[in-house]
Amino acid sequence: LPDGGGARVRAMRMYAKGKAMDVGEDHVPEAEDLLGRAVKLWPSLGDGWNQLGTCYWKRGDFQAAFDCWTLTLQHAESEGDRMAATREMSMAHRVKGNNTTESLRLAKEVVAKDMADSGSWYNLANAYMSHFFSTTHAQNDLERSLKAYHKSEECGKESHANPDLHYNLATVLRYLEAYQSAVDEYARADKLDPLLNARDAIKQVAGWVGQVCDMVENRCKLKPARIRQMLEIFPPKQEEMALDGVAHRACNLAGLEVGGNAGRVLQALVVAAPDSTMLVHLVCCDAEGDFMGVSVYNMTASKLKPGDLITVFSPRLLVCSLGE
1069 LPDGGGARVR AMRMYAKGKA MDVGEDHVPE AEDLLGRAVK LWPSLGDGWN QLGTCYWKRG
1129 DFQAAFDCWT LTLQHAESEG DRMAATREMS MAHRVKGNNT TESLRLAKEV VAKDMADSGS
1189 WYNLANAYMS HFFSTTHAQN DLERSLKAYH KSEECGKESH ANPDLHYNLA TVLRYLEAYQ
1249 SAVDEYARAD KLDPLLNARD AIKQVAGWVG QVCDMVENRC KLKPARIRQM LEIFPPKQEE
1309 MALDGVAHRA CNLAGLEVGG NAGRVLQALV VAAPDSTMLV HLVCCDAEGD FMGVSVYNMT
1369 ASKLKPGDLI TVFSPRLLVC SLGE
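Using this note's numbering, the first residue of the sequence shown is number 1069, and each one after it goes up by one.
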């Protein structure tokens, strides 16, 4: 920028210098001062307000940061600057405000303004993931998050180099029990940024899958006589069971198909409840004594214990595997 000039030129000079100084993760007081002076000279400088908000965020003044992003929405001339502010506000609501519902609303709003914006899809994916972990524990929120991460990758090549995207995508895949895909994404994240400790996450996934597989394959190390005794808990076999007046055909594990099993119902006995996070994981057996892992969504803490009999309508069968 040339020396001298009017208010906008001086504002742009201070804005450019302040933004350049604020590239790191730590708060830089001089950058904050320059950006603050820039937006006073040019109040409609949207990215100036956005960057000043980032400065306040790094300083820990979250309300001041939110106020800056709000001022972007009020004064910015650029729609791109307003979209960036909305993404930041969405992030702020879920990270510090613990309001994932509002975060998700804002994330959807900004995606609707530009369906080809990679950053907006990434923000929406993060919002759905946070909504799952903190609020709903619903499988469909994970599936929506997964689709949004993939959409972010489709819309921008730069997203492939984002280690946080790969790490978060891996976490979603992990809780959808696509363990091999999760490990692959953790490995990509680790290659891009070893400081994310994605290797530790890989070890956790491998350990968990190994533990459950061992319990299923070894039938929880129960003796045949003990298993026969446990199977006496099952009621007499029924051909059908009804849910909300709709009949479902009763079947055992061998009668299920990989994927959805609409119109079928499985009764299973809880044999063990391994420690797990977020999802409720169980090791169960059917009336024939065949063992399986069972995952329960939409439940924040397990109220189920060994010896309980559960009835699963329209179960979804997933075959999990994990390579070396």
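Note that the Cβ used here is the ideal one computed from N, Cα and C, for glycine as well.
Taking the alpha-carbon positions, what's the VAL1179 to ARG1294 distance?
-> 56 Å
Leaving aside the five residues before and after HIS1228 along the sequence, list all residues of the same chain whose C-beta is less than 7 Å from its C-beta, in chain order.
-> GLU1221
So which of VAL1364, LYS1219 and ASN1286 has the shortest CA-CA distance to TRP1189?
-> LYS1219
Alpha carbon to alpha carbon, what distance is there between HIS1205 and ASP1090?
-> 37 Å
Which stretch, first to last residue, makes up the beta strand (DSSP E) that contains MET1183?
-> Looking at the DSSP string, MET1183 is not in any beta strand (DSSP E), and its letter there is neither H nor E.
Cβ-based neighbour list, ALA1269, same chain, cut-off 6 Å, excluding 5 preceding and 5 following | TYR1254
SER1249 to ALA1266 span [Cα, whole Å] = 14 Å
From this set, ALA1160, ALA1355, LEU1311 and LEU1244, which residue's C-alpha is nearest SER1389's C-alpha?
-> LEU1244
Cα-Cα separation, LYS1085 to LEU1386 | 54 Å
Buried or exposed: where does GLU1100 fall if 16 or more other Cβ atoms within 10 Å of its Cβ makes it buried?
-> buried
Reducing DSSP to helix, strand and coil, say where LEU1069 ends up.
-> Residue confidence is low: LEU1069 scores 45 on pLDDT, short of 50, so the model does not pin down where it sits. No coordinate-derived value is stated.
Mind checking which residues open and close the beta strand (DSSP E) that includes GLN1335?
-> 1332-1340
Apart from the five residues on each side of it in sequence, which residues of its chain come closer than 8 Å, Cβ to Cβ, to ASP1376?
-> LEU1337 and VAL1338
Counted within 10 angstroms of its Cβ, other Cβ atoms place LEU1263 as buried (16 or more) or exposed = exposed
Who pairs with PHE1302 in a beta bridge, going by DSSP?
-> PHE1302 pairs with nothing; no bridge assigned.
Under 7 Å between the Cβ atoms of ALA1195 and ALA1175?
-> yes
Once you ignore the five residues that flank THR1216 on each side, which residues in its own chain have a CB closer than 7 Å to its CB?
-> First, the amino acid is wrong: residue 1216 is Ala here, not Thr. Once the five neighbours on either side are set aside, the close Cβ partners of ALA1216 are TRP1189, LEU1192, ALA1193 and TYR1196.
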